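> Could you have a look at this structure, given as structure tokens, before my questions?
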Amino acid sequence: MPFYPLYGGAVATELPSEAIDVSQIREIPDTQEVFIIESKQNDPKLDSSIIFDLLESVQANTVEELLQLHIKEISEDVEKPTTSYQTIRNDSLNQDAYFTYFIQKSPKRDKYSSVTLIGLIQLKKVDTDVLISVNVPFIPSAQELLTQEGIERDLSDSSTSIGKGYKLLKSATANYTVKDWQLFG
0 MPFYPLYGGA VATELPSEAI DVSQIREIPD TQEVFIIESK QNDPKLDSSI IFDLLESVQA
60 NTVEELLQLH IKEISEDVEK PTTSYQTIRN DSLNQDAYFT YFIQKSPKRD KYSSVTLIGL
120 IQLKKVDTDV LISVNVPFIP SAQELLTQEG IERDLSDSST SIGKGYKLLK SATANYTVKD
180 WQLFG
């Protein structure tokens, strides 16, 4: 995956070459960078998105609590929050980042579901939390898929949309590089 400049080049990370910069289509807040990856199934409701969000740092007693606070900030429709997380190493920042996910509620008559994969990088020296969200819509083929075990199985299967989203999130999080710290004030 090629490196892509974010925030006017002050930050860069790896993104797939087919990522479409949404700021070329509509206005995006200054603290965000948003990209979509079109579904190969020609269904816009199955397009994935990746959002980079610069947030004011929040304090929490545990990593789990920190992740849950940020999840509440970005979504009120969390169907199945997970309490587990994984660590992702970011060598360019010489620190660990964190990964978790949650399932979005979908309207009762909607056949689509969505898993949001979350990467969190705490930039403590500038009091900023970088939240990287990959939204992966899918059509569940079985009720089992919506279980924690089903999601976690799909994370390691790069042939599934959830597995592809996880690979994207891991790459974007592990390779997030700050080139100009003045971005943060």
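Residue numbers (numbering that gives the first Met the number 0): 0 to 184. In this text, a Cβ means the ideal position worked out from N, Cα and C, and glycines have one as well. Treat the numbers as computed from the prediction; the structure is a model and nothing was measured.
#1: Gly184 by DSSP, collapsed to three states: which one?
#2: Which same chain residues end up closer than 6 Å to Trp38 when comparing Cβ atoms and leaving out the 5 residues on each side of it in sequence?
#3: Please give me, in chain order, every unbroken run of the beta strand (DSSP E) with length at least 3 that falls completely inside the region 105-165.
#4: Specify the secondary structure class of Ala171 as computed by DSSP and reduced to three states.
#5: Given that a residue counts as buried once 16 or more other Cβ atoms are within 10 Å of its Cβ, and exposed if not, what is Lys110?
#6: Work out the CA separation of Ile36 and Glu17 for me, nearest whole Å.
#7: So, helix, strand or coil for Ser38, using DSSP?
#8: Assign Ala59 to buried or exposed, taking buried as 16 or more other Cβ atoms, counted over all protein chains shown, within 10 Å of its Cβ.
#9: Between Lys163 and the rest of its own chain, which residues show a CB-CB distance below 7 Å, the 5 nearest in sequence each way excluded?
#10: Suppose only complete runs of 4+ residues qualify. What are the alpha helix (DSSP H) ranges in the region 5-84, listed by chain order?
#11: So, with DSSP's three-state summary, where would you put Asn89?
#12: Between which two residues does the beta strand (DSSP E) harbouring Asp95 extend?
#13: I think Gln103 touches Ser113, with their Cβ atoms under 8 Å apart; what is that distance to the nearest whole Å?
#14: Should Pro28 go down as buried or exposed, given a rule of 16 or more other Cβ atoms within 10 Å for buried?
Let's see:
#1: Looking up residue 184 in the sequence shown gives position 185. Of the three classes helix, strand and coil, the one that applies to Gly184 here is coil, per DSSP.
#2: Stepping through the sequence shown from its first residue, residue 38 is reached at position 39. The sequence as given places Ser at residue 38; Trp does not occur at that position. Cβ within range, chain order: Leu45 and Asp46.
#3: 112-122 and 127-137
#4: Against the sequence shown, residue 171 aligns to sequence position 172. Correct three-state label for Ala171: helix.
#5: The count along the sequence shown starts at 1 and reaches residue 110 at position 111. Counting Cβ neighbours within 10 Å, Lys110 comes out exposed, since fewer than 16 surround it.
#6: As a first step, residue 17 must be located in the sequence shown, where it is residue number 18. As a first step, residue 36 must be located in the sequence shown, where it is residue number 37. Roughly 6 Å between the two C-alpha positions.
#7: Taking the sequence shown and counting its residues from 1, one reaches residue 38 at position 39. Residue state, collapsed to three classes: coil.
#8: Along the sequence shown, one-based indexing puts residue 59 at 60. Counting Cβ neighbours within 10 Å, Ala59 comes out exposed, since fewer than 16 surround it.
#9: Here the question's residue 163 lines up with position 164 in the sequence shown. Closer than 7 Å at the Cβ level, and outside the excluded window around Lys163, lie Ser157.
#10: 62-73
#11: Residue 89 sits at position 90 when you count from the first residue of the sequence shown. DSSP places Asn89 in strand when its eight states are reduced to three.
#12: In the sequence shown, residue 95 corresponds to position 96, counting from 1. Here the beta strand (DSSP E) through Asp95 covers Gln94 to Gln103.
#13: Locating residue 103 in the sequence shown gives position 104, where the first residue counts as 1. Locating residue 113 in the sequence shown gives position 114, where the first residue counts as 1. Going by Cβ atoms, the distance from Gln103 to Ser113 rounds to 4 Å, so yes, they are a contact pair.
#14: Taking the first residue of the sequence shown as 1, we reach residue 28 at position 29. So Pro28 ends up on the exposed side.
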